[in-house]
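Residue numbers (this note's numbering): 41 to 354. Here a beta-carbon is modelled for each residue, glycine too, at the ideal position from N, C-alpha and C. The structure presented is a predicted model; accordingly, all values stated were derived computationally and were not measured. Taking it in order: structure first as structure tokens, then the write-up.
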Amino acid sequence: MGFWLPGCAANEAVSNISGAAIAETTESATSTTAKASGKKKVLTTFSVLADIAQNVAGEALDVESITRIGAEIHGYEPTPSDIVKAQDADLILYNGMNLERWFEQFLGNVQDAPSALLTEGIEPIPIAAGPYANKPNPHAWMSPRNALVYVENIRKAFVSLDPDNTDIYNANAKAYGEQLKAIDDELAADLAQVPDNQRFLVSCEGAFSYLARDYGMKEIYMWPINAEQQFTPKQVQRVIEQVKTNDVPTIFCESTVSDEGQKQVARTTGARFGGNLYVDSLSTEEGPVPTFLDLLEYDARIISNGLLAGSNAQ
Ligand SMILES: [Zn+2]
């Protein structure tokens with residue numbers, strides 16, 4: 041397979057692959073996991089969706105994420121082997137709302153794999169500023185209330201993919217939905233401890249719009265969306281001013297981007313750097329958030345502890 045060059049990851053390379061080459065490679069790859077288990081194979085664009093989908097699927101389907109743990113998902117560049125994998129999938133689940141800017145072209149390179157949009161039915165919050173202003177903020181899963189919509193969309197997609205196991209998907213979706221509702225209550229209780237005048241969530245990416253809306257917090261961020269992932273002096277300065285103006289005790293960044301700019305804000309303002317939150321990826325099994333439910337609980341704890349510790353110290 042001389043043409044599957046390692047590291048040949050550019051979009052250009054992907055779109056130049058001929059249909060014939062894909063068909064030939066797919067043929068030779070059919071002996072892999074999905075065929076071996078006899079289960080239908082579901083691909084998702086990133087790890088958070090894979091975990092939610094796996095909870096709905098239980099043992100009935102094989103679920104896998106295209107992007108790996110810790111990957112930057114907005115500007116991901118699919119590899120030829122991702123396309124081969126997708127050719128073999130029975131269903132591809134994606135977030136939409138411009139999260140996966142690579143996905144449309146990717147899907148154009150994959151024949152015959154049906155896909156399901158998981159934010160269908162969610163009211164988007166527009167991005168406030170920057171090159172993507174007024175487009176939907178894609179991070180809808182960060183609110184457990186929205187996550188219930190994802191679960192329902194996944195359930196529907198699985199039922200139409202594999203009607204024989206409808207009872208399994210219905211039962212799993214119900215049980216997982218109940219866990220999400222319990223976390224919703226927990227988050228509300230956790231974040232309610234933070235005094236009104238301290239309820240500022242300062243992050244690197246503006247990924248918390250839905251969470252902030254649902255739990256009565258105000259957002260301050262370095263950049264609206266992980267477009268360039270590079271902080272500019274102007275962005276740092278703007279956050280510094282807002283942190284000072286609002287006397288914000290603790291600030292945060294996220295696991296998939298550099299926290300250097302935010303640490304600079306902390307040094308300049310005297311605010312504490314409260315750590316990295318998880319948004320666009322789960323952690324590995326050994327890390328703090330191997331599941332989506334862990335992610336929601338972890339972030340709520342880091343945010344509420346950070347803000348409370350900061351305010352007590354003053
Ligand atoms: Zn993001």
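Checklist entry - What is the DSSP secondary structure of V88, reduced to helix, strand or coil? => result Numbered from its first residue, the sequence shown carries residue 88 at position 48. Of the three classes helix, strand and coil, the one that applies to V88 here is helix, per DSSP.
Next on the checklist: Does the structure place the stretch 275-295 close enough to the stretch 309-328 that three or more beta carbon pairs sit under 8 Å?
Outcome noted: yes
Checklist entry - My guess is that G115 and R141 are in contact by the Cβ rule of under 8 Å, so how many angstroms apart are they, rounded? => result For the purposes of this step, residue 115 is identified with residue 75 of the sequence shown, where counting begins at 1. For the purposes of this step, residue 141 is identified with residue 101 of the sequence shown, where counting begins at 1. Their Cβ separation, rounded to whole angstroms, is 6 Å, which keeps G115 and R141 in contact under 8 Å.
Next on the checklist: Which complete beta strand (DSSP E) runs does the stretch 238-284 hold, if anything under 3 residues is left out?
Outcome noted: 240-245 and 258-263
Checklist entry - Which value, in whole angstroms, describes the spacing of the CA atoms of I194 and P273? => result Mapped onto the sequence shown, residue 194 falls at position 154. Mapped onto the sequence shown, residue 273 falls at position 233. Between I194 and P273, the C-alpha separation is close to 42 Å.
Next on the checklist: Along the chain, where does the alpha helix (DSSP H) containing N210 start, and where does it finish?
Outcome noted: Translated into the one-based positions of the sequence shown, residue 210 becomes position 170. Per DSSP, N210 belongs to the alpha helix (DSSP H) from T206 to A232.
Checklist entry - So what does DSSP say about E337, is it helix, strand or coil? => result Taking the first residue of the sequence shown as 1, we reach residue 337 at position 297. In the structure shown, E337 sits in a helix (DSSP, three-state: H, G or I).
Next on the checklist: On the DSSP bridge list, what partners appear for D202?
Outcome noted: Here residue 202 refers to the residue found at position 162 when the sequence shown is read from its first residue. According to DSSP, which records beta bridges pairwise, D202 is partnered with nothing at all.
Next on the checklist: Looking only at its chain, what residues have a beta carbon closer than 6 Å to the beta carbon of D334, apart from the 5 residues adjacent to it on each side?
Outcome noted: Position 294 of the sequence shown, counted from the first residue, corresponds to residue 334. None.
Checklist entry - Looking at C-alpha atoms only, which residue of T296, I165, P118 and R239 is the closest neighbour of L417? => result There is no way to answer for residue 417, as the model of the chain reaches only from 41 to 354.
Next on the checklist: Beta-carbon distances below 6 Å to any heavy atom of ligand 1 define the shell here; list its residues in chain order, please.
Outcome noted: H114, H179, E245, A247, N266, V319 and D320
Item to check | One or two residues paired with A156 in a DSSP bridge | outcome: For the purposes of this step, residue 156 is taken as residue 116 along the sequence shown, with counting starting at 1. According to DSSP, A156 bridges with L133.
Checklist entry - So what's L147 in DSSP terms, helix, strand or just coil? => result Your numbering for residue 147 matches position 107 in the sequence shown. Three-state result, L147: helix.
Item to check | Close Cβ partners of D224 (< 7 Å) along its chain, the five nearest in sequence each way excluded | outcome: Counted from its first residue, the sequence shown places residue 224 at position 184. So the list reads P184 and R185, once near-sequence residues are dropped.
Item to check | Sufficient close CB pairs (3 or more, under 8 Å) joining the stretch 98-105 to the stretch 249-266 | outcome: no
Checklist entry - Quick one: is A169 buried, meaning 16 or more other Cβ sit within 10 Å of its Cβ, or exposed? => result Stepping through the sequence shown from its first residue, residue 169 is reached at position 129. Flag for A169 reads exposed.
Next on the checklist: Which runs of the beta strand (DSSP E) at least 3 residues long sit entirely within the stretch 284-315? Give them in chain order.
Outcome noted: 290-294
Item to check | Length of the line joining the Cα atoms of N95 and E281 | outcome: Within the sequence shown, the letter at position 55 stands for residue 95. Within the sequence shown, the letter at position 241 stands for residue 281. Rounded to the nearest angstrom, the two C-alpha atoms are 43 Å apart.
Checklist entry - Which residues does DSSP pair with K79 in a beta bridge? => result Numbered from its first residue, the sequence shown carries residue 79 at position 39. Note: K79 sits in no beta bridge, so no partner.
Checklist entry - Using the beta-carbon count (16 or more within 10 Å), is E245 buried or exposed? => result For the purposes of this step, residue 245 is taken as the residue at position 205 of the sequence shown. Buried, since its Cβ has 16 or more Cβ neighbours within 10 Å.
Item to check | Boundaries (first-last residue) of the beta strand (DSSP E) holding D236 | outcome: Here residue 236 refers to the residue found at position 196 of the sequence shown. Here D236 belongs to no beta strand (DSSP E), and DSSP marks it neither H nor E.
Item to check | Inter-residue Cα distance where the pair is E135 and L89 | outcome: The count along the sequence shown starts at 1 and reaches residue 135 at position 95. The count along the sequence shown starts at 1 and reaches residue 89 at position 49. Note on identity: in this sequence residue 135 is Asn, with Glu being the wrong assignment. Taking the straight line from one Cα to the other gives about 8 Å.
Checklist entry - According to the neighbour-count rule (16 or more other Cβ atoms, all chains shown, within 10 Å of its Cβ), is G78 buried or exposed? => result Here residue 78 corresponds to residue number 38 of the sequence shown, with the count starting at 1. Burial call: exposed.
Item to check | Cut-off 6 Å between Cβ atoms - residues of its own chain near S87, not counting five sequence neighbours on either side | outcome: By one-based count along the sequence shown, residue 87 stands at place 47. Closer than 6 Å at the Cβ level, and outside the excluded window around S87, lie S105, I109, S321 and L322.
Checklist entry - Anyone know if the C-beta pair for F198 and L101 falls short of 8 Å? => result The residue you call residue 198 lines up with position 158 of the sequence shown. The residue you call residue 101 lines up with position 61 of the sequence shown. For F198 and L101, yes; Cβs fall inside 8 Å.
Checklist entry - Just the Cα atoms here: how many angstroms apart are A69 and W181? => result Position 29 of the sequence shown holds residue 69. Position 141 of the sequence shown holds residue 181. For A69, the predicted structure reports a pLDDT of 41, less than 50, and the residue's modelled location is therefore unreliable. A value from the coordinates is still provided. Each residue's Cα considered, the two are about 33 Å apart.
Item to check | Start-end ranges of the alpha helix (DSSP H) lying completely within the stretch 93-128, minimum 4 residues | outcome: 120-127
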